[in-house]
Amino acid sequence: VNKIGGIVHVFEVDESKFGKRKYNNVGLNRSPLIVGGVDIYTGEFFWGNIDKNQHALRNIFLELVQLSPH
Numbered sequence: 807v808n809k810i811g812g813i814v815h816v817f818e819v820d821e822s823k824f825g826k827r828k829y830n831n832v833g834l835n836r837s838p839l840i841v842g843g844v845d846i847y848t849g850e851f852f853w854g855n856i857d858k859n860q861h862a863l864r865n866i867f868l869e870l871v872q873l874s875p876h
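Per the working numbering, the very first residue in the sequence shown carries number 807; after that it's consecutive.
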């Protein structure tokens, strides 16, 4: 997997949940959570569906975003 970004790059990150509520029910929606990010300098992006928890988000960013200039 090619990592994107670098030490001086800026990312915009967002999450979305897709699905349809039935009869305006506000109960549990089991549709996937999609998270994505784009490097505003280069236009490179990443996305994926995840479980919504802090560890999953951190692992996605550590796996796909380059934090050092190497």
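Here a beta-carbon is modelled for each residue, glycine too, at the ideal position from N, C-alpha and C.
Discussion item. Using the Cβ count rule (16 or more neighbours within 10 Å means buried), how would you classify VAL814?
Written reply: exposed
Requested in this report: Can you tell me the Cβ-Cβ gap for GLY843 and GLU818, rounded? I've got them flagged as a contact below 8 Å.
Outcome: 7 Å
Exercise for review: Figure out for me which residue from GLU850, THR848, GLY825 and GLY849 has the closest Cα to the Cα of ASN840.
Suggested key: First, the residue type needs correcting, since residue 840 is Ile and not Asn in the sequence shown. Nearest C-alpha to ILE840: GLY825.
Neighbour-count burial assignment, GLY849, 16 or more Cβ in a 10 Å radius: exposed
Note to self: Could you give the first and the last residue of the continuous beta strand (DSSP E) run that contains ASN808?
What the structure shows: Careful: ASN808 lies outside any beta strand (DSSP E) and carries neither H nor E.
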